[in-house]
Amino acid sequence: MKLAVISDIHANLEALQTVLRAIDDLGVDRIWCAGDVVGYGPDPGPCIDLLRERGIETVCGNHDEAVVRGEPRDRMLPEALQVVQWTRTQLTPDQIDWLASLPPLRVLPWFELVHASLIPDPPWAYIIDEEGALYHFAYQDCPLVFNGHTHVPLAVLHRSGQRPRLSILQSMFLPRRHRCMIGVGSVGQPRDGDPRAAFVVYEPENCFLEVRRVAYDFARTQARILRKGLPELFARRLAIGR
Ligand code: ZN
Numbered sequence: 147m148k149l150a151v152i153s154d155i156h157a158n159l160e161a162l163q164t165v166l167r168a169i170d171d172l173g174v175d176r177i178w179c180a181g182d183v184v185g186y187g188p189d190p191g192p193c194i195d196l197l198r199e200r201g202i203e204t205v206c207g208n209h210d211e212a213v214v215r216g217e218p219r220d221r222m223l224p225e226a227l228q229v230v231q232w233t234r235t236q237l238t239p240d241q242i243d244w245l246a247s248l249p250p251l252r253v254l255p256w257f258e259l260v261h262a263s264l265i266p267d268p269p270w271a272y273i274i275d276e277e278g279a280l281y282h283f284a285y286q287d288c289p290l291v292f293n294g295h296t297h298v299p300l301a302v303l304h305r306s307g308q309r310p311r312l313s314i315l316q317s318m319f320l321p322r323r324h325r326c327m328i329g330v331g332s333v334g335q336p337r338d339g340d341p342r343a344a345f346v347v348y349e350p351e352n353c354f355l356e357v358r359r360v361a362y363d364f365a366r367t368q369a370r371i372l373r374k375g376l377p378e379l380f381a382r383r384l385a386i387g388r
């Protein structure tokens, strides 16, 4: 069995379509999304529709929540807030209802899925150092959690009695007797210096995890960002993956 996890699409339809084609070519059985379907990008409605058509179970991200509430609970760049407000004008009531229905956590037989971490407060913490990882693992009982939020493919591993280890995610067999939080990277706005869309494929039978990158036509997304009058910053960063 092959399972795929995608995250942080951020209304980038070109990247999402390319990733779903790549996933289909790999013969994946089921796909999940770790949130942030909207925000930053030019095509929030079509991205929501595509996830719904494909029956892709999704959890709520901070941008999804901000669009539903009309304001974020975490700090956001002024330009990101501008796109949150713009996104609200682009969605149908039905699409907003779907965003509002997204749960913060999905518990599955093979893993748990969350956008940022299992830390209840503060909301939307970024787990990027040892201290944050320890705080998160205080709440993680299961062996494997997939998350997004950092836009960087990241392995956070913890064996009890030892310090947590954080590293850039590589394809690997998940280590036994560890709890793992695997950041799957971003489909629509990578920030690890590689502009290609990121996702992971997981084979639960042998605990094998594969990191995949696919190039997509980001020039098209950039043109759509500018045509819709969204901040140029969000177009520029797609070319450099930052
Ligand atoms: Zn995000």
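When the sequence shown is numbered by our numbering, its final residue is 388 and no position is left out of the sequence of numbers. A virtual CB, placed ideally from N, CA and C, is assigned to each residue, including glycine. Treat the numbers as computed from the prediction; the structure is a model and nothing was measured.
Residue range 208-215 is occupied by the alpha helix (DSSP H) that includes HIS209.
For the set VAL330, HIS304, ARG215, SER306, the Cα lying nearest the Cα of VAL260 is the one of VAL330. Looking at the DSSP output, MET318 sits in a beta bridge with LEU355. In this structure, ASP154 has its beta carbon less than 7 Å from a heavy atom of the ligand ZN. If you draw a straight line from the Cα of GLU276 to the Cα of VAL298, it is about 16 Å long. Excluding the 5 residues flanking it on each side, LEU379 has same chain C-beta neighbours closer than 7 Å at GLU225, in chain order. Under the criterion of beta carbons closer than 8 Å, ASN158 and GLY187 qualify as touching, at roughly 4 Å. C-alpha of SER317 to C-alpha of SER153: approximately 17 Å in a straight line. Taking a C-beta distance under 8 Å as the contact criterion, VAL174 and ILE155 do not qualify as a contact pair. The residue among ALA365, MET147, LEU248 with its C-alpha nearest the C-alpha of CYS179 is LEU248. For ILE386, the uninterrupted alpha helix (DSSP H) run begins and ends at 378-386, by DSSP.
As computed with DSSP, SER313 is found in a beta bridge with ALA301.
Less than 8 Å divides the Cβ of ILE202 from the Cβ of ILE177. For CYS326, no alpha helix (DSSP H) encloses it; the enclosing beta strand (DSSP E) starts and ends at 325-330. Each of ASP338, VAL346, ASN352, LEU227 was checked against the Cα of LEU384, and the nearest Cα belongs to ASP338.
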